[in-house]
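As structure tokens, the structure follows; a few thoughts come after it.
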Amino acid sequence: MSQLIHVPENGSLVPKQSKSNFPTLSSWINELFDRDLNQMWSTSNEAQAFIPQVNIKETADAYTVEMAAPGLKKSDFEIDIEHQVLSISANQEKKKEEDNEKYTRKEFAYTSFKRSFNLPETIAEDKIKAQYSEGILSIVLPKKDEAKQQPPRRIKIS
Numbered sequence: 206m207s208q209l210i211h212v213p214e215n216g217s218l219v220p221k222q223s224k225s226n227f228p229t230l231s232s233w234i235n236e237l238f239d240r241d242l243n244q245m246w247s248t249s250n251e252a253q254a255f256i257p258q259v260n261i262k263e264t265a266d267a268y269t270v271e272m273a274a275p276g277l278k279k280s281d282f283e284i285d286i287e288h289q290v291l292s293i294s295a296n297q298e299k300k301k302e303e304d305n306e307k308y309t310r311k312e313f314a315y316t317s318f319k320r321s322f323n324l325p326e327t328i329a330e331d332k333i334k335a336q337y338s339e340g341i342l343s344i345v346l347p348k349k350d351e352a353k354q355q356p357p358r359r360i361k362i363s
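Counting from 206, one number per residue, gives the positions in the sequence shown under the working numbering.
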């Protein structure tokens with residue numbers, strides 16, 4: 206069963222803003238979409254999702270993966286290769302304590318992520334090196350000798 210509704214002369218289904226201080230449905234919806242969703246659902250700025258950005262470069266000799274992960278220590282990272290999949294993960298626990306005359310408050314924040322990348326068969330897995338400096342994790346994935354780009358060879362005509 207359908208219901209008929211009355212459409213005002215201005216053609217809008219949203220009522221005009223009344224002079225009262227009560228928000229209208231449309232103003233509430235606008236406010237909902239204008240707000241930052243992380244701010245709306247989290248109780249702390251530290252509770253936001255962390256997915257580090259990655260750059261992957263290829264040269265003639267290697268691939269280099271650079272991951273921006275500031276604020277972490279190199280001991281927070283785990284780098285694994287299994288079945289030609291490079292997995293980079295990190296876990297970090299932050300503790301914040303406040304003492305007050307009436308109570309002690311402890312807040313825990315965890316930062317964790319895992320990124321995985323399919324590797325070509327041309328990677329020399331036994332020669333992979335990683336370093337972490339100034340918030341950037343760099344992983345150098347050398348190519349096998351047979352996969353390295355060879356310089357052009359000139360052939361003499363006899």
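Here a beta-carbon is modelled for each residue, glycine too, at the ideal position from N, C-alpha and C.
Check, Outcome
"Cβ neighbour criterion (16 or more within 10 Å) applied to K348", "buried"
"Own chain, CB closer than 7 Å to Q354, minus 5 neighbours either side, in chain order", "A265"
"Beta-carbon proximity of I293 to R320, cut-off 7 Å", "yes"
"Contact check, T327 vs A352, beta carbons under 7 Å", "yes"
"Close-in-space but distant-in-sequence residues of the same chain around D285 (CB under 7 Å, 5 per side omitted)", "S292"
"Alpha helix (DSSP H) segments (min. 4 residues) lying fully within the segment 265-295", "none"
"Residues that DSSP places opposite K332 in a beta bridge", "Partner(s): none; K332 has no beta bridge."
"Continuous beta strand (DSSP E) stretch holding S343: start and end", "I341 to P347"
"E351, DSSP secondary structure in three states", "helix"
"Burial state of A274 (16 or more Cβ within 10 Å)", "buried"
"Cα-Cα separation between F255 and A267, rounded to whole angstroms", "28 Å"
"Within 7 Å, strictly: CB atoms of E271 and I333", "no"
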